[in-house]
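Report on the following structure.
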Amino acid sequence: MYLLSTFRLSWPVTLISLLMSYHNETRQIDYQPMGMMKKTNLNEWLNESTRLLAEHSELASLEARVILCHVLDKPREWLVTHPDFELDDHQTDKANQMIARIQTGEPLPYLIGKQAFYGLDFKVTPDVLIPRPETELLIEECITWLEEHPDRRKMADIGTGSGAIAITLADRFEDLQVTAIDISGKALDVARQNAQLLNVNSQIVYIKNDLLDNIFDSFDLIAANLPYIPSEKLITLQVARHEPLIALDGGQDGLVIIKRLLHQAREHLKPGGMILLEIEEGQSESVQKLVDVLMPGVAKSILIDLANHPRFLKIMV
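Numbering (our numbering), first residue to last: 6 to 322.
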C-alpha cells in the first residue's frame, strides 16, 4: 500500500534481485490446464479441484466454488441447485488454469479481480495489496470513534492502496471527507475505480504523495496500513512473490515507514484526534517506544486481533 520510493536503494542487491526474479518468474509461467477431466459436471469438478487445492489452502472448497462462480458468471446459490451441470471444454480449461495458478501461489483475488472486505467488493490488481480480514478490525475501531465524535469528519488514509479503508468508512458515513494518499499512481487509479463503483467518489480526494510530506492540512482521524514486514523476513514469505513489494517492505526492522509517519503525524492531527496504524505482531514494544520519542505525552495503546495477536497501534492526542 505504501513504501518510501527511495528505500529500495538501501536493500542488499542480492535481496532485490531475488525478489524481483520471483515476480518475473511468476509472470512468465505458461499456465496449462491440469490433468483433470475435460468432460465433467459441476459436482465432479468441485470434488476434484477441492482435493487439489487442499494442499495449498485451508479454504479449498470455498475457493473452488468461487472459481466456478467466476468462470460461469453465476451466484454461489446456483452451484448448489445445479450439481449435474455439464461444463464445456472452454469452461473446464479456464477453471483448470485458475487452479494451476493458485497451485503456484498466485492469490485467488488477483485471478478473479476482486476481494470482499467489510461487506463490500473491491477491485484488486497486482498493483495493490489484497485487503485482509484483520484490517476489518481497524475499520471497527474507526467506526466506533466516528460514532462517538459526530463532529469529527475529516480523515486521512495513508497508503490507501485499493481504497478499502477510505471507501468502507466513506460508505458508512456520508458526511465523512477523506484524503486518500499513496505513493503509487497505479494504486490510486484502482482506489478511484472502487470509489466510483461504490458511489463514494465525491467524498474522497486522492493525492499521489510520500506520506504527509508537503501536506498542509490537518485531520481528525489518521488511519494507515503501511508496510511493516522487515526486509530480510520478506524474502521468506510467499506473499512477496505476487503482491506489490512496495506495499510490504518496512525496512530493516519493519518500522522505517511507520517511524516517518509518526514523526510527521503530530503536525497533521487535530487536538482530540486519533491515529490508528496496523503493525506486525512482534512490533508492539518497539512501536510504543517510537511514540514515546516522537510524540511524547500522547495516550497510546495496542489493540489485539481475533487471534489474540498485537495488531494495531492506537494514539489519542
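Every residue gets a Cβ at the ideal spot worked out from N, C-alpha and C, and that includes glycine.
Bear in mind that the values here come from a model prediction, so they are computed numbers and not experimental data.
Beta-carbon proximity of residue i to residue j, cut-off 8 Å
{"i": "Leu73", "j": "Ala100", "result": "yes"}
{"i": "Phe224", "j": "Lys159", "result": "yes"}
{"i": "Ala175", "j": "Gln201", "result": "no"}
{"i": "Ala196", "j": "Gly168", "result": "yes"}
{"i": "His61", "j": "Gln108", "result": "yes"}
{"i": "Ser289", "j": "Asp258", "result": "no"}
Local Cβ density within 10 Å of residue i, reported as buried at 16 or more and exposed below that
{"i": "Glu63", "result": "exposed"}
{"i": "Gly277", "result": "exposed"}
{"i": "Lys294", "result": "exposed"}
{"i": "Ala270", "result": "buried"}
{"i": "Ala304", "result": "exposed"}
{"i": "Gly110", "result": "exposed"}
{"i": "Asn48", "result": "exposed"}
{"i": "Ala312", "result": "exposed"}
{"i": "Thr86", "result": "exposed"}
{"i": "Glu152", "result": "exposed"}
Cβ-based neighbour list, residue i, same chain, cut-off 6 Å, excluding 5 preceding and 5 following
{"i": "His314", "result": "Glu286"}
{"i": "Ile117", "result": "His75"}
{"i": "Lys264", "result": "Leu295"}
{"i": "Met103", "result": "Ile72, Leu116"}
Nearest-angstrom beta carbon gap, residue j and residue i [assumed within contact, 8 Å]
{"i": "Leu266", "j": "Leu216", "result": "5 Å"}
{"i": "Ile227", "j": "Leu274", "result": "6 Å"}
{"i": "Thr140", "j": "Glu283", "result": "6 Å"}
{"i": "Asp162", "j": "Ile186", "result": "7 Å"}
Boundaries (first-last residue) of the beta strand (DSSP E) holding residue i
{"i": "Lys305", "result": "304-309"}
{"i": "Arg321", "result": "For clarity, residue 321 is Met in the given sequence; the question names Arg instead. Residues 315-321."}
{"i": "Thr184", "result": "182-187"}
{"i": "Val261", "result": "Element bounds for Val261: not the beta strand (DSSP E) but the alpha helix (DSSP H), 261-273."}
Residue interval of the alpha helix (DSSP H) (run including residue i)
{"i": "Lys238", "result": "236-239"}
{"i": "Thr173", "result": "169-177"}
{"i": "Ile117", "result": "113-117"}
{"i": "Ile3", "result": "What the structure shows of the chain is the stretch from 6 to 322, and residue 3 is not part of that stretch, so it cannot be assessed."}
7 Å CB neighbourhood of residue i in its chain, flanking five on each side removed
{"i": "Ser306", "result": "Lys319"}
{"i": "Asp310", "result": "Glu139, Leu142, Arg316"}
Proximal residues to residue i (C-beta, below 8 Å), its chain only, five neighbours per side dropped
{"i": "Gln198", "result": "Lys128"}
{"i": "Thr45", "result": "Glu53, Glu91, Leu92, Thr97"}
{"i": "Pro131", "result": "Tyr115, His247, Glu248, Pro249"}
Residue-chain proximity (residue i, chain B), Cβ-Cβ < 8 Å
{"i": "Leu116", "result": "Annotation note: the requested chain B is absent from the structure, which comprises a single protein chain."}
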